[in-house]
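Heads up, the thing below is written out as structure tokens.
Numbering (our numbering), first residue to last: 2 to 362.
What follows is the structure, given as structure tokens:
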């Protein structure tokens with residue numbers, strides 16, 4: 002997950018990310034799922050089809066590739082065709098330091114509407130969905146407002162962001178029936194609070210997304226959901242002022258059992274970073290990155306789910322995991338599960354399935 006301002010001050014990791022940019026192509030490494038969903042997997046509520054399909058929003062500095070296995074399990078093992086927002090991890094760089102999430106919101110909106118237009122057929126969400134180049138990245142990095150450097154002259158208040166249109170092309174479908182169908186939205190880590198911003202009918206940086214028109218249920222996985230000091234939490238404070246997730250059935254999921262004092266500098270530092278009063282996070286417990294009180298603190302959530310012994314991320318499966326947190330990586334390598342593990346997914350995915358079956362009873 003590697004949260005915004007925490008990573009901003011970790012120069013070695015930032016250098017690794019810049020290296021990744023240099024070797025990346027200018028198109029995304031999007032995942033393409035192998036399963037198809039048709040109208041037979043939908044139900045109708047007041048002429049609204051709840052499609053049994055989902056879009057997953059990757060956490061900060063992660064992309065679709067890191068969630069490919071998780072999406073495959075949801076699709077093929079649990080019957081919820083799922084696609085991650087098709088982007089590589091470097092697409093997050095314009096948001097460093099707590100700046101505007103509009104670049105991410107554009108990608109979420111495009112993916113959600115395209116999946117609905119495809120009636121839940123994830124095979125139609127491919128690697129060419131977005132058109133985003135390194136020159137677009139540079140323009141966004143220079144101009145995206147907010148954050149620790151007060152880009153755009155902003156003072157940290159999201160409502161004061163100037164209107165800056167994110168670079169790139171994120172095409173929306175021409176199908177006018179999109180608003181008659183809904184899918185699920187899954188947000189991992191920071192992707193969870195940005196998913197909440199997407200649901201809102203308030204103006205965010207010059208655009209109203211009102212994503213609740215397209216979403217029948219929301220699941221957040223290890224998301225920091227409560228306010229904390231610092232510019233990285235400007236967006237979270239914004240969604241908590243008038244949270245649209247309370248208007249969509251929502252489940253907040255958090256792992257626990259990883260105490261701040263026992264799991265290395267990343268865990269203790271991240272818990273402190275997420276502390277609502279800025280206090281030392283050494284006494285907190287959580288998933289190794291997000292303390293449990295923040296993960297389960299989703300305003301208006303219909304349900305919360307605490308998962309003992311569950312990691313925040315698949316540390317051992319990604320490049321640089323042992324560098325970022327050797328303690329958590331070793332534990333995951335030895336078999337400890339994370340939110341996307343096959344045995345953990347059904348503990349929270351039933352919440353999505355129930356939204357597409359209950360109306361038939």
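In this text, a Cβ means the ideal position worked out from N, Cα and C, and glycines have one as well.
Three-way DSSP call (helix, strand, coil) for residue i in this model
{"i": "residue 355", "result": "helix"}
{"i": "residue 340", "result": "coil"}
{"i": "residue 297", "result": "coil"}
{"i": "residue 35", "result": "The pLDDT assigned to residue 35 is 33, lower than 50, so where the model puts this residue is not dependable, and the model offers no usable value."}
{"i": "residue 168", "result": "coil"}
{"i": "residue 238", "result": "helix"}
{"i": "residue 346", "result": "helix"}
{"i": "residue 189", "result": "strand"}
{"i": "residue 132", "result": "strand"}
{"i": "residue 292", "result": "strand"}
{"i": "residue 79", "result": "coil"}
{"i": "residue 267", "result": "helix"}
{"i": "residue 305", "result": "strand"}
{"i": "residue 28", "result": "For residue 28, the pLDDT reaches just 36, beneath the cut-off of 50, and the residue's location in the model is therefore unreliable, leaving the point undetermined."}
{"i": "residue 231", "result": "coil"}
{"i": "residue 147", "result": "strand"}
7 angstroms Cβ shell around residue i - same chain, five flanking residues per side excluded
{"i": "residue 140", "result": "168"}
{"i": "residue 262", "result": "269 and 283"}
{"i": "residue 276", "result": "229 and 282"}
Opposing strand residues paired with residue i [DSSP bridges]
{"i": "residue 272", "result": "According to DSSP, residue 272 bridges with nothing at all."}
{"i": "residue 107", "result": "The partner list for residue 107 (beta bridge, DSSP) is empty, contrary to what the question assumes."}
{"i": "residue 206", "result": "DSSP, once it has assigned bridges, lists no residue as partnering residue 206."}
{"i": "residue 286", "result": "260"}
{"i": "residue 312", "result": "339"}
{"i": "residue 56", "result": "84 and 186"}
Own chain residues within Cβ distance below 8 angstroms of residue i, not counting five before or after
{"i": "residue 36", "result": "In this predicted model, residue 36 has a pLDDT of only 34, less than 50, meaning its place in the structure is not dependable enough to derive any value."}
{"i": "residue 265", "result": "326, 327, 328 and 329"}
Closest residue to residue i among the options (Cα-Cα distance)
{"i": "residue 280", "options": "240, 264, 162 and 228", "result": "228"}
{"i": "residue 237", "options": "135, 213 and 102", "result": "102"}
{"i": "residue 293", "options": "221, 170, 354 and 199", "result": "221"}
{"i": "residue 182", "options": "162, 116, 267 and 131", "result": "116"}
{"i": "residue 340", "options": "118, 165 and 187", "result": "187"}
{"i": "residue 73", "options": "145, 267, 60 and 55", "result": "55"}
{"i": "residue 48", "options": "57, 214 and 162", "result": "214"}
{"i": "residue 114", "options": "199, 62, 146 and 287", "result": "199"}
{"i": "residue 171", "options": "112, 149 and 137", "result": "112"}
{"i": "residue 311", "options": "248, 257 and 235", "result": "257"}
{"i": "residue 63", "options": "255, 93 and 79", "result": "93"}
{"i": "residue 1", "options": "98, 80, 79 and 69", "result": "In the structure as shown, the chain starts at 2 and stops at 362, and residue 1 therefore has no counterpart that could be examined."}
{"i": "residue 59", "options": "121, 133, 149 and 194", "result": "194"}
{"i": "residue 207", "options": "250, 174 and 159", "result": "159"}
{"i": "residue 248", "options": "240, 274 and 232", "result": "240"}
{"i": "residue 173", "options": "107, 216, 204 and 185", "result": "107"}
{"i": "residue 231", "options": "259, 271, 57 and 133", "result": "271"}
Residue range of the unbroken alpha helix (DSSP H) whose run includes residue i
{"i": "residue 126", "result": "Element bounds for residue 126: n/a, residue is neither H nor E."}
Span of the beta strand (DSSP E) around residue i
{"i": "residue 330", "result": "Note, residue 330: premise wrong, no beta strand (DSSP E); alpha helix (DSSP H) at 327-334."}
{"i": "residue 219", "result": "216-222"}
{"i": "residue 213", "result": "No beta strand (DSSP E) holds residue 213; DSSP gives it neither H nor E."}
{"i": "residue 253", "result": "251-257"}
Own chain partners of residue i with C-beta closer than 6 angstroms, once the 5 adjacent residues on each side are dropped
{"i": "residue 211", "result": "202"}
{"i": "residue 67", "result": "319"}
{"i": "residue 342", "result": "none"}
{"i": "residue 119", "result": "125"}
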